[in-house]
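Chains as they are written, first to last, in this note's numbering: chain A, 10 to 252; chain B, 10 to 252. Note that beta-carbon positions come from the ideal geometry of N, C-alpha and C, so glycine has one too.
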DNA sequence: AAGTGGTCTAGACCACAGC
DNA sequence: CTGTGGTCTAGACCACTTC
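Written out as structure tokens, the structure reads:
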């Protein structure tokens, strides 16, 4: 249990939620696997089943767990095909949702600039992994991305051959580093392309670019990755729900 | 109760939620006022207090109600200053969040085009109210908006002097028509200004514009309003959370 | 002190999945 | 048939607000 007793002032269902979240993060149950039944968890933690339900409710709302009546409660596999990828509507007016091809252009270790440090909530100068990649559909460049990762949590990323990265990074983070992206915050702005960006994206200079800054968070709401993506504004289409 | 017994197959807390939502929509309790206590509601509807809590939980999650421990549960007043207005960050890099000034340019009744009809989920040709307005900060144009409303629900909007509309429409909808906006879906794209838009927004022709299409929904998820807003892309800044 | 929402319990019964 | 989650109940105690 350990961390479940972190803060006695918090209600039990909160501490239970946090403990379950940590255990899932620790890969105690793998995606697709069921966690113990509500009754078992209640017995194990010494709380009523209603309290267990309330804790699980939250993780279901966070899309971390999935209930299946009569079967059990399961760790969700693949949080990668849904809303987090929304801005790939970026171009596919033409129809279906395809995963863009990915080409890593550069990978290096650098000290965190103040902007990166404040986004990732780490000290300035701390080593971070910096990735540059280009995303394409049908070999047409769609997005130029700069990506920053805290090196201490993602050291493995420096070891893998970039050719083996695949087209999606989040599954890589999960498989190689045990880091799971569950939510994100995005800020959208528009700027004009400089010469390098124009060349990379095969646009004319000064063409309008959409800029998407995204901070990806794990299920304990700690920053995992910060990225800045740029793509041609005229092919952009972004869907959002407001509550 | 009436509508609470609409569908016996639904769980009680769902039917209770719907009934409370309808009563709030009917202005049975005004914004800022408390609804009856959980115990009272339980007695009135003949359900356990836990069931009442579950129904209220949902309305709290929808930002329709607000709990205050020791005081009661209140109908939220003014859902107008929070996330629904996010894109007014549109320009105020300079600091605080201000409500742009609003100038109604045109108001008329027209038959719904197929696009408007499908957005508002009404038959093509049904009369709708069409508004054009300009929004400004410090007399600088910021957004040019086209707005469509189902005329049968918003007939009063045709009667009020447009000079008395004020700077915000949603409070107007609520006060005059009893229609409350609780959530919305937005689609963002970028296009270039035509001559009329450029003149209106005081931009040069072909300047990039951000286009925000918004469908506003009431707490029963029925479409209330559809609008298309255009503003200078270089002053655009949009924040979104993804889950 | 009285009334409100917040937490937690213990148990009943139902609907569904899987053997 | 057994085990799972889904709904619902009735009541205890706590924390907070108001008088």
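Take the Cβ of residue 150/B as the centre, count every other Cβ of all protein chains shown within 10 Å, and call the residue buried at 16 or more, exposed below.
One-based indexing of the second chain puts residue 150/B at position 141. It counts as buried.
Pull up the distance between the alpha-carbon of residue 65/A and that of residue 27/A, whole angstroms please.
Taking the first chain and counting its residues from 1, the one referred to as residue 65/A is at position 56. Taking the first chain and counting its residues from 1, the one referred to as residue 27/A is at position 18. Taken atom to atom, the span from the alpha-carbon of residue 65/A to that of residue 27/A is near 10 angstroms.
So for residue 125/B, helix, strand or coil by DSSP?
By 1-based counting over the second chain, the position of residue 125/B is 116. Residue state for residue 125/B is assigned as helix, using DSSP reduced to three classes.
Coil, strand or helix - residue 161/A by DSSP
For this step, residue 161/A is matched to residue 152 along the first chain. Residue 161/A falls in the helix class under three-state DSSP.
Any C-beta of chain A sitting closer than 9 angstroms to the C-beta of residue 235/B?
Here residue 235/B refers to the residue found at position 226 when the second chain is read from its first residue. It does not; no Cβ of chain A falls within 9 angstroms.
May I ask which residues mark the beginning and end of the alpha helix (DSSP H) holding residue 110/A?
Position 101 of the first chain, counting from 1, holds the residue named residue 110/A. Unbroken run through residue 110/A is the beta strand (DSSP E), 110–120; no alpha helix (DSSP H).
In chain A, which residues lie less than 8 angstroms from residue 242/B when you measure between Cβ atoms?
The residue you call residue 242/B lines up with position 233 of the second chain. Proximity of chain A to residue 242/B at the Cβ level (cut-off 8 angstroms) is accounted for by 199, 217 and 242, in chain order.
Measuring straight from C-alpha to C-alpha, what distance separates residue 11/A and residue 184/B?
What you label residue 11/A is simply residue 2 of the first chain in a count that begins at 1. What you label residue 184/B is simply residue 175 of the second chain in a count that begins at 1. At residue 11/A, the pLDDT of 44 sits below 50, so the modelled position is not reliable; the number obtained from the coordinates is stated separately. Using only the alpha carbons, I get a separation of about 53 angstroms.
Reduced DSSP secondary structure (H/G/I, E/B, other) of residue 168/A:
On the first chain, position 159 is the one that residue 168/A refers to. Annotated three-state conformation of residue 168/A is helix, per DSSP.
Exposure of residue 170/A, with buried meaning 16 or more beta-carbon neighbours within 10 Å:
Along the first chain, one-based indexing puts residue 170/A at 161. When all chains shown are included, residue 170/A counts as exposed.
Does DSSP put residue 240/A in a helix, in a strand, or in coil?
On the first chain, residue 240/A is found 231 positions in, with the first residue counted as 1. Here residue 240/A sits in strand by DSSP.
Three-state secondary structure assigned by DSSP to residue 196/B:
Reading the second chain from its first residue, position 187 is the one you call residue 196/B. DSSP places residue 196/B within a strand segment (E or B) once states are collapsed to three.
My understanding is that residue 199/A touches residue 218/A, with C-beta atoms under 8 angstroms, so please give their C-beta distance in whole angstroms.
On the first chain, position 190 is the one that residue 199/A refers to. On the first chain, position 209 is the one that residue 218/A refers to. Approximately 7 angstroms separates the beta-carbon atoms of residue 199/A and residue 218/A; this is inside 8 angstroms, confirming the contact.
According to the neighbour-count rule (16 or more other Cβ atoms, all chains shown, within 10 Å of its Cβ), is residue 147/A buried or exposed?
Indexing the first chain from 1 puts residue 147/A at position 138. Exposed is the call here.
First through last residue of the beta strand (DSSP E) which encompasses residue 144/B
If you number the second chain from 1, residue 144/B lands on position 135. First-last of the beta strand (DSSP E) with residue 144/B: 136–146.
Flag this pair as yes or no: are the beta carbons of residue 157/B and residue 177/B separated by less than 9 angstroms?
Locating residue 157/B in the second chain gives position 148, where the first residue counts as 1. Locating residue 177/B in the second chain gives position 168, where the first residue counts as 1. No.
Are residue 241/A and residue 210/A closer than 9 angstroms when you measure CB to CB?
Locating residue 241/A in the first chain gives position 232, counting from the first residue. Locating residue 210/A in the first chain gives position 201, counting from the first residue. Result yes, Cβ atoms of residue 241/A and residue 210/A sit closer than 9 angstroms.
Exposed or buried, residue 236/A, counting other C-beta atoms within 10 Å across all chains shown (16 or more means buried)?
One-based indexing of the first chain puts residue 236/A at position 227. A residue is called buried when at least 16 other Cβ atoms come within 10 angstroms of its Cβ; residue 236/A meets this threshold and is buried.
Might you give, ordered along the chain, the residues of its own chain that have their beta carbon closer than 6 angstroms to the beta carbon of residue 135/B, omitting 5 neighbours on each side?
Mapped onto the second chain, residue 135/B falls at position 126. Only 121 meet the Cβ criterion.
Would you check if the distance between the CB atom of residue 166/B and the CB atom of residue 142/B is smaller than 9 angstroms?
Indexing the second chain from 1 puts residue 166/B at position 157. Indexing the second chain from 1 puts residue 142/B at position 133. Cβ distance not < 9 angstroms, so residue 166/B and residue 142/B don't count as in contact.
On a CA-only basis, which of 195/B, 213/B and 186/B is nearest residue 36/B? Give me that one, please.
Here residue 36/B is taken as the residue at index 27 of the second chain, counted from 1. Here the closest residue by C-alpha is 186/B.
Roughly how many whole angstroms lie between the Cα atoms of residue 19/B and residue 59/A?
Within the second chain, numbered from 1, the residue matching residue 19/B stands at position 10. Within the first chain, numbered from 1, the residue matching residue 59/A stands at position 50. Their Cα atoms are separated by approximately 21 angstroms.
Quick one: is residue 232/A buried, meaning 16 or more other Cβ sit within 10 Å of its Cβ, or exposed?
As a working mapping, residue 232/A is identified with position 223 in the first chain. With 16 or more Cβ atoms within 10 Å of its Cβ, residue 232/A is classed as buried.
Please return the same chain residues whose Cβ sits closer than 6 angstroms to the Cβ of residue 130/B, not counting the five positions on each side in sequence.
Numbered from its first residue, the second chain carries residue 130/B at position 121. Around residue 130/B: 232.
Where residue 72/A falls: helix, strand or coil (DSSP):
Within the first chain, numbered from 1, the residue matching residue 72/A stands at position 63. Residue 72/A: coil per DSSP, three-state reduction.
Among 124/B, 44/B, 163/B and 228/B, which has the Cα closest to the Cα of residue 80/B?
Here residue 80/B refers to the residue found at position 71 of the second chain. Closest by alpha carbon: 44/B.
With a floor of 4 residues, list each alpha helix (DSSP H) that falls wholly inside the stretch 29–56 of chain B, ordered by position along the chain.
DSSP runs (the alpha helix (DSSP H)) wholly in the stretch 29–56 of chain B: 47–54.
In chain B, which residues lie with their C-beta within 9 angstroms of the C-beta of residue 248/A?
What you label residue 248/A is simply residue 239 of the first chain in a count that begins at 1. Here the neighbours are 194, 195, 196 and 197.
Determine the direct distance from the alpha carbon of residue 239/A to that of residue 196/B, and round the result to whole angstroms.
Working through the second chain from its first residue, we reach residue 196/B at position 187. Working through the first chain from its first residue, we reach residue 239/A at position 230. Using only the alpha carbons, I get a separation of about 18 angstroms.
List the residues that DSSP assigns as beta-bridge partners of residue 246/B.
Walking along the second chain from the start, residue 246/B turns up at place 237. In the DSSP assignment, the residues bridged to residue 246/B are 198/A.
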